[in-house]
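Step one of this worksheet: look at the structure below.
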Amino acid sequence: MLKIENYIAGSLVAPISGEYLDNFDPSIGEVYSYIPDSDERDVQLAVDAANAAFPAWSNTATEERFTILMRLVALIERNLESLALAESIDQGKPVSLARTVDIPRAVSNFRFYATAAMHLANESHDSVGQSAFNYTLRQPVGVVGCISPWNLPLYLFTWKIAPAIAAGCTVVAKPSEVTPMTAYLLSKLCIEAGLPAGVLNIVHGTGPRVGSAIVEHKDVKAISFTGGTATGEAIARTAAPMFKKLSLELGGKNPNIIFADCNYEEMLATTVRSSFSNQGEICLCGSRIFIERPIYEKFRRDFLDRVNALQVGDPLLPETNVGAIVSKQHFDKIMSYIGLAHDEGGTILTGGSSPTVDGRCENGWFISPTIIEGLPYDCRTNQEEIFGPVVTIMPFDSEDEVLGFANSVRYGLSATVWTENLSRAHRLAARLESGIVWINCWLQRDLRTPFGGVKDSGVGREGGFEALKFFTEEKNVCIKF
Ligand code: NAD
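Position in the sequence shown (first residue = 1) + 5 = the working numbering.
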């Protein structure tokens, strides 16, 4: 069975401990490869390699970095099909989604930051009347740590390492131990692309062993993390007293607000996607759906029809809309929340159970798309992140009322509003407590825009020049003449 290897100092290597963890294919519920159970010793080797590579990489011309990253882009594109298949097997998502969203986005991440770095300009300030002027150098911070989650494995992993490398930093990165495969395949492509040794180092293993060793290491100057809010808290507790730069992209419980005047058909089709794409395991999925009362009954009927038509099954089949849940642990967590919703008095309109998928996936971890109604906005089911194919639907009567419902949670990542009323759209966009607001659309992304959350959804922004700025430090130089 395949043993995944760490990528340190330009080579693929076994973990020092010689120990491995099981890596599961969630669609069949079986181990299909092994992942290094690395520890702080492997992290030390990776930091040493990143430190050694930093002087040369940070002084490599931006055009040269661009050329190397674009070779990587070409290789990812050439291997798109095998990467999509690997992502689907590792994560449980439909291969059609990996082929059209995950892997193309990894390509875009590298392409975007390879080019963006060439357009990052420094500022100068002419101190009129003082015979002086100031210019501000923007220099790569050094060795940085990038830690990513399991839901969009290569997509989110590259969203961090691309700007870090393009900015001239060297990286020690850790993908989720639940979905390590495409990061491993990427390390092979980095070697093929001629990325200099030590610029990117990938250490596989668990959060408590590898993740915390990266965060605790004194030579790692910045941490870019995407994952759960509790993990983000733990990381901040360690990194803040060490005065590390921190970017934290954390959990969400996003509202989807639907007014009676919306473009109904477009709203309905998009709401099915925003609820159940990637089995609802996207931090931006709208899990609390608020519907203006005049169209509540119609929406409930039509939404149920559309959702019941979704095909749950083998992620490798082209007709599958909803694949497997990423792990048994996460499957159990989602099922326990469905139990909680029932205990809190909710009615499960559809789903709520694990369907049997015949054939090769009969032992896989699947949950039918689940719609729950009859719960108050402030119960635990409506306040805590479930991160699965589970949504609640609730009627509302006024703009102020729904705004109160929407903003009642500790999270503030994204929100969606459906209305043809322009003034209302702008009013709500300004008053919703979230980092991203989509009006009459969902997951429409422009990589130049700031991406991130407020409240317990995180600190800092990714995307555009924000990420390049995060991985650089400003130094002002004042010249008297
Ligand atoms: P997680 O927090 O359990 O793990 C994320 C990563 O952190 C993994 O690589 C893990 O090994 C590592 N980790 C765990 N403990 C650590 C520690 N003590 N120190 C350092 N690293 C540690 O999250 P997950 O279950 O993999 O992902 C799901 C969560 O991610 C959800 O809450 C979801 O909302 C969130 N998420 C947020 C965004 C966003 O952009 N805001 C995007 C995707 C996912």
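Think of the CB as a built atom: it goes at the ideal place given N, C-alpha and C, for glycine as much as any other residue.
Original post:
How about glycine 285: is its Cβ closer than 6 Å to a heavy atom in the ligand MG?
Top reply: Of the ligands this structure carries, namely the ligand NAD, none is the ligand MG.
Subject >> Same chain, Cβ closer than 7 Å to aspartate 402, neighbours up to 5 away in sequence not counted >> reply: For aspartate 402, the CB contacts under 7 Å within the same chain, skipping 5 residues up- and downstream, are Arg298 in chain order.
**OP:** Could you spell out the range, first to last residue, of the alpha helix (DSSP H) harbouring serine 80?
**Re:** It is leucine, not serine, that sits at residue 80 in the sequence shown. For leucine 80, the uninterrupted alpha helix (DSSP H) segment begins and ends at 67–83.
Original post:
Would the beta-carbon of threonine 105 fall within 7 Å of that of cysteine 267?
Top reply: Cβ distance not < 7 Å, so threonine 105 and cysteine 267 don't count as in contact.
**OP:** Report yes if the C-beta of proline 154 is less than 6 Å from at least one heavy atom of the ligand NAD; otherwise report no.
**Re:** True, at least one ligand heavy atom lies under 6 Å from that Cβ.
Original post:
Is the distance from the Cβ of lysine 258 to the Cβ of glutamate 390 below 7 Å?
Top reply: In this structure, lysine 258 places its C-beta atom within 7 Å of the C-beta atom of glutamate 390.
Original post:
In the DSSP assignment, what residue or residues form a beta bridge with phenylalanine 138?
Top reply: According to DSSP, phenylalanine 138 bridges with Asp131 and Ile484.
**OP:** Go through its chain and collect everything with a Cβ distance to methionine 186's Cβ below 8 Å, but skip five positions before and after it.
**Re:** Taken in chain order, the residues that qualify are Ile9, Asn28, Ser38, Ala91, Glu92, Ile94, Asp95 and Pro158.
Subject >> Where the beta strand (DSSP E) through alanine 227 begins and ends >> reply: Run containing alanine 227: 225–231, per the beta strand (DSSP E) assignment.
Subject >> Reference aspartate 348, options Gln334, Lys333, Pro320 and Ile377, closest by Cα >> reply: Ranked by how close their Cα comes to the Cα of aspartate 348, the residues Gln334, Lys333, Pro320 and Ile377 have Ile377 in first place.
**OP:** Spatial neighbours of serine 359 within its chain, please: CB distance less than 8 Å, with the 5 preceding and 5 following residues excluded, ordered by chain position.
**Re:** So the qualifying residues of the chain are Phe336, Met340, Trp370, Phe371, Ile372 and Ser373.
Subject >> Cβ shell of isoleucine 207 (< 6 Å), same chain only, five flanking positions each side left out >> reply: Cβ contact annotation for isoleucine 207 (same chain, cutoff 6 Å, sequence separation greater than five): Tyr12, Ala178, Ala188 and Ser192, in chain order.
Original post:
Going by other Cβ atoms of all chains shown within 10 Å of its Cβ, with 16 needed for buried, is arginine 214 buried or exposed?
Top reply: With 16 or more Cβ atoms within 10 Å of its Cβ, arginine 214 is classed as buried.
Original post:
From this set, Arg278, Asp53 and Met123, which residue's C-alpha is nearest leucine 102's C-alpha?
Top reply: For leucine 102, the nearest C-alpha among the options comes from Arg278.
**OP:** Look up isoleucine 9 in the DSSP assignment and say whether it is helix, strand or coil.
**Re:** Reduced to three states, the DSSP call for isoleucine 9 is coil.
Original post:
Between which two residues does the beta strand (DSSP E) containing glutamate 297 stretch?
Top reply: Per DSSP, glutamate 297 belongs to the beta strand (DSSP E) from 291–297.
Original post:
For glutamate 16, is the beta carbon positioned less than 6 Å from some heavy atom of the ligand NAD?
Top reply: It should be pointed out that residue 16 corresponds to serine in this sequence rather than to glutamate. Checking the Cβ of serine 16 against the ligand NAD gives no.
**OP:** Please name the residue or residues paired with lysine 179 in a DSSP beta bridge.
**Re:** Ile152.
**OP:** Would you check whether the ligand NAD has a heavy atom nearer than 6 Å to the C-beta of alanine 239?
**Re:** Set against 6 Å, the gap from the CB of alanine 239 to the closest heavy atom of the ligand NAD is smaller.
Original post:
Is the beta carbon of valine 220 within less than 6 Å of some heavy atom of the ligand NAD?
Top reply: It does: the Cβ of valine 220 is within 6 Å (strictly closer) of some heavy atom of the ligand NAD.
Original post:
Going by Cα to Cα distance, which pick from Glu479, Thr477, Thr454 and Glu478 is closest to glutamate 467?
Top reply: Closest by C-alpha distance to glutamate 467, out of Glu479, Thr477, Thr454 and Glu478, is Thr454.
**OP:** Count the CB pairs spanning the region 78–92 and the region 104–119 that are closer than 8 Å, and state whether there are at least three.
**Re:** For the pair of segments examined, the region 78–92 was found to touch the region 104–119: the number of CB pairs separated by less than 8 Å reaches three.
**OP:** Mind checking who glycine 417 pairs with in its DSSP beta bridge?
**Re:** DSSP links glycine 417 through a beta bridge to Val459.
Original post:
What does glutamate 478 pair with, by DSSP beta-bridge criteria?
Top reply: As a beta-bridge residue in DSSP terms, glutamate 478 pairs with Gln144.
Original post:
Within the present structure, is the beta-carbon of glutamate 254 separated from the nearest heavy atom of the ligand NAD by less than 6 Å?
Top reply: In this structure, glutamate 254 has its beta carbon less than 6 Å from a heavy atom of the ligand NAD.
**OP:** Sort Lys333, Glu471 and Gly203 by Cα distance to glycine 97 and report the nearest one.
**Re:** Among Lys333, Glu471 and Gly203, the Cα nearest to that of glycine 97 belongs to Lys333.
Original post:
Cβ of proline 145 within 7 Å of Cβ of serine 22?
Top reply: No, Cβ-Cβ distance for proline 145 and serine 22 is not below 7 Å.
Original post:
Alpha carbon to alpha carbon, what distance is there between phenylalanine 162 and valine 52?
Top reply: When the Cα atoms are used, valine 52 and phenylalanine 162 turn out to be separated by approximately 18 Å.
**OP:** Using alpha carbons as the reference points, say which of Gly134, Ala137 and Arg76 lies closest to valine 112.
**Re:** Checking every option, the nearest Cα to that of valine 112 belongs to Arg76.
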